[in-house]
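One structure is given below, encoded as structure tokens.
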Amino acid sequence: MLRTLLDEVNITCDREAGRNQANLILRWKGGAISELAVPIKRKPPKIHTDEDTIDLLRRLAVHYPDAVIAGILNRQGRRTARGLSYTASRVQSLRHYRNIACHQPDDTPQEGPVLAIADAATELGVAPSTLHRWLADGFVAGEQVTPGAPWRIRLTDQLRNLFVDTAPEGWVVMQDATRILGVTRQTVLQRVKRGQLQAVHVRNGRRKGLRINVSNPNDTLF
Numbered sequence: 035m036l037r038t039l040l041d042e043v044n045i046t047c048d049r050e051a052g053r054n055q056a057n058l059i060l061r062w063k064g065g066a067i068s069e070l071a072v073p074i075k076r077k078p079p080k081i082h083t084d085e086d087t088i089d090l091l092r093r094l095a096v097h098y099p100d101a102v103i104a105g106i107l108n109r110q111g112r113r114t115a116r117g118l119s120y121t122a123s124r125v126q127s128l129r130h131y132r133n134i135a136c137h138q139p140d141d142t143p144q145e146g147p148v149l150a151i152a153d154a155a156t157e158l159g160v161a162p163s164t165l166h167r168w169l170a171d172g173f174v175a176g177e178q179v180t181p182g183a184p185w186r187i188r189l190t191d192q193l194r195n196l197f198v199d200t201a202p203e204g205w206v207v208m209q210d211a212t213r214i215l216g217v218t219r220q221t222v223l224q225r226v227k228r229g230q231l232q233a234v235h236v237r238n239g240r241r242k243g244l245r246i247n248v249s250n251p252n253d254t255l256f
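Positions 35 to 256 (the working numbering) are the ones given, in order, by the sequence shown.
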């Protein structure tokens, strides 16, 4: 019906100075002209979780239940897409949305005793602050009896192998790793967290600390 009444319709969009509207000029049969301004609704910005957190979640979900994953993400200072801290239910919702399978516990007994961080540090020959830092960085996982309880660490052979007296040949300190790879220190740490670079902690000598394998960047930390 409108086609029988209108000769021409001109539409221009005006997004300057926050107006965000469409200006319509209607030319009716018979010569009359009407001008209309129609607001254009803005689409709300999409809220999404950063891909680095999703990559970490995929790795952690293979080994740990949602409650442990939530603790790791929170210790790293990560937040949900809406800026909230992580809980087991929020991790579960994010897994479902991203089609990430949940952790399937093994019926076989788990390897190694579970120790308080101070006791684990003594067994590994490092300072408790080192273990706290690795725990916060997500390099190792901790366990809690209940939320808010002190963190404990399962002392496995795999964990013991991350703390050494002498680094393997060719593994370099952080400063050299950043120079060789041409990236920042933060990028190197992120790659270690994602399992893209191998790393160990040298506990003896004048230059204690991380040693990183830059010769095989596709190998994994765990």
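Every residue gets a Cβ at the ideal spot worked out from N, C-alpha and C, and that includes glycine.
Only a predicted model underlies this, so the values are computations on that prediction, with no experimental measurement involved.
Is it true that the stretch 55-74 meets the stretch 188-208, where meeting means three or more beta-carbon pairs spaced less than 8 angstroms apart?
Cβ pair count under 8 angstroms is below three, so no.
| request: Would you please state the rounded distance, in angstroms, between the beta carbons of residue 120 and residue 175? I believe it to be under 8 angstroms. | output: Between the beta-carbon of residue 120 and that of residue 175 there is about 14 angstroms, and that puts the pair past the 8 angstroms contact cut.
request  = Compute the Euclidean distance between the alpha carbons of residue 236 and residue 159, then round it to the nearest angstrom.
outcome  = Roughly 10 angstroms between the two C-alpha positions.
For this session: Can you give me the Cβ contacts of residue 132 inside the same chain, cut-off strictly under 7 angstroms, excluding the 5 residues immediately before and after it?
Result: The residues are 88.
Buried or exposed: where does residue 247 fall if 16 or more other Cβ atoms within 10 Å of its Cβ makes it buried?
The residue is buried, with at least 16 neighbouring Cβ atoms inside 10 Å.
Quiz item: Whose CA, out of 46, 65, 199 and 72, lies closest to the CA of residue 238?
Solution: Among 46, 65, 199 and 72, the Cα nearest to that of residue 238 is on 199.
- Buried versus exposed, by CB contacts within 10 Å (16 or more), residue 234: Label assigned to residue 234: buried.
- Item | For residue 116 and residue 46, the rounded distance between their alpha carbons | Pairing residue 46 with residue 116, the inter-Cα distance amounts to about 35 angstroms.
What are the boundary residues of the beta strand (DSSP E) that includes residue 73?
Residue 73: member of the beta strand (DSSP E) spanning 67-73, first to last residue.
Note to self: Under DSSP, the alpha helix (DSSP H) around residue 87 begins and ends at which residues?
What the structure shows: Taken as a continuous stretch (DSSP letters only), the alpha helix (DSSP H) holding residue 87 covers 85-97.
Select from 113, 208, 229 and 118 the residue whose C-alpha is nearest the C-alpha of residue 242.
-> Checking every option, the nearest Cα to that of residue 242 belongs to 208.
With a threshold of 8 angstroms on Cβ separation, who are the neighbours of residue 218 within its own chain once the five nearest residues in sequence on each side are excluded?
The residues 212, in chain order, have a CB closer than 8 angstroms to that of residue 218 in the same chain once the five nearest residues on each side in sequence are set aside.
Decide if residue 205 is buried, meaning its Cβ has at least 16 other Cβ atoms within 10 Å, or exposed.
-> In the assembly as shown, residue 205 is a buried residue. Its beta-carbon has 16 or more other beta-carbons within 10 Å.
Where residue 254 falls: helix, strand or coil (DSSP):
Confidence at residue 254 is low in this model, with a pLDDT of 41, below 50, so the placement of that residue should be treated as unreliable; the coordinate-derived value is given next. DSSP places residue 254 in coil when its eight states are reduced to three.
If you draw a straight line from the C-alpha of residue 220 to the C-alpha of residue 146, how long is it? Going from the Cα of residue 220 to the Cα of residue 146 covers about 32 angstroms.
Return the residue from the list 111, 73, 231 and 77 that minimises the CA-CA distance to residue 170. Cα-wise, what sits closest to residue 170 is 111.
Problem set entry | Alpha-carbon to alpha-carbon, residue 186 and residue 162 | Roughly 12 angstroms between the two C-alpha positions.
Should residue 69 and residue 59 be called a contact, given that it needs their Cβ atoms to be closer than 7 angstroms? Taking C-beta atoms as the reference points, residue 69 and residue 59 count as a pair closer than 7 angstroms.
Check your understanding: Among 86, 210, 80 and 127, which has the Cα closest to the Cα of residue 101?
Key -> Selection 86, 210, 80 and 127 evaluated against residue 101 yields 127 as nearest (Cα-Cα).
Discussion item. With a threshold of 6 angstroms on Cβ separation, who are the neighbours of residue 73 within its own chain once the five nearest residues in sequence on each side are excluded?
Written reply: These residues qualify, in order along the chain: 55.
7 angstroms Cβ cutoff met for residue 177 and residue 222 = It is not a contact, given that the beta carbons lie outside the stated cut-off.
Original post:
What is the DSSP secondary structure of residue 56, reduced to helix, strand or coil?
Top reply: The answer is strand: DSSP assigns residue 56 an E or B state.
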